[in-house]
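Since the structure comes first, as structure tokens, the remarks are kept for the end.
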Amino acid sequence: MHLYLEHFYSNQPEPNQSCLLALRSIIFEQDENISETQKWGMPCFCYRKKMFCFLSTDKKTNQPYLLMVEGKHLHHPELEQGTRTRMKVFNINPDEDLAIDTLKLILNEALDLYRNGLIKIK
């Protein structure tokens with residue numbers, strides 16, 4: 001793991017740290033072509049070197065969230081667009097069990113945009 005990313009995860013207070021690391025594992029489990037890098041101060045996950053999601057914490061609530069880069073193409077009721085035009089957020093309460101089936105559904109719906117060519121990969 002890149003030193004900055006290690007620092008990002010290790011500096012999170014519990015239960016956020018465990019929650020974010022669990023989310024990281026779930027993301028990697030979805031496809032062998034997923035890699036992790038750092039963009040804009042947060043972990044960025046790429047599919048074949050094309051950004052597809054981020055992990056971060058909300059500045060106001062300090063709760064973790066999953067940011068879907070091509071969220072405008074995703075139509076899951078738990079994804080929030082807010083004022084964003086392209087991306088959508090899946091908010092996570094670190095004190096509750098992760099909605100693993102929902103997370104996998106959203107992640108794979110997003111990955112299918114790339115796998116099926118809707119989102120072009122260089």
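First residue of the sequence shown? That's 1 in my numbering, and the numbers climb one at a time after it.
All C-beta atoms in this analysis are idealised placements derived from N, C-alpha and C, irrespective of residue type, glycine included.
Could you name the residues that DSSP lists as bridge partners for residue i?
i: SER10; result: The partner list for SER10 (beta bridge, DSSP) is empty, contrary to what the question assumes.
i: GLU80; result: VAL89
Could you please give the first and the last residue of the uninterrupted beta strand (DSSP E) stretch that includes residue i?
i: GLU109; result: Run containing GLU109: none in the beta strand (DSSP E); it sits in the alpha helix (DSSP H), 100-115.
i: GLN38; result: 34-39
i: ASN91; result: 88-91
i: PRO64; result: 64-68
Using CA coordinates, which residue listed in the options is at the minimum distance from residue i?
i: LEU111; options: GLU29, LEU21 and GLN17; result: GLU29
i: LYS104; options: ARG24, PRO15 and THR83; result: ARG24
i: PRO15; options: LEU113, GLU96 and TYR114; result: GLU96
i: HIS7; options: ILE27, LYS50 and GLY41; result: GLY41
i: GLU109; options: HIS76, LYS120, THR37 and LYS60; result: HIS76
Taking Cβ positions, are residue i and residue j nearer each other than 8 Å?
i: LEU20; j: GLN12; result: yes
i: PRO64; j: PHE54; result: no
i: ILE106; j: LEU67; result: no
i: LEU98; j: LYS88; result: no
i: LYS50; j: TYR114; result: yes
Helix, strand or coil for residue i per DSSP?
i: LEU55; result: strand
i: LYS49; result: coil
Provide the residue span of the alpha helix (DSSP H) that contains residue i, from first to last.
i: ASN16; result: 16-29
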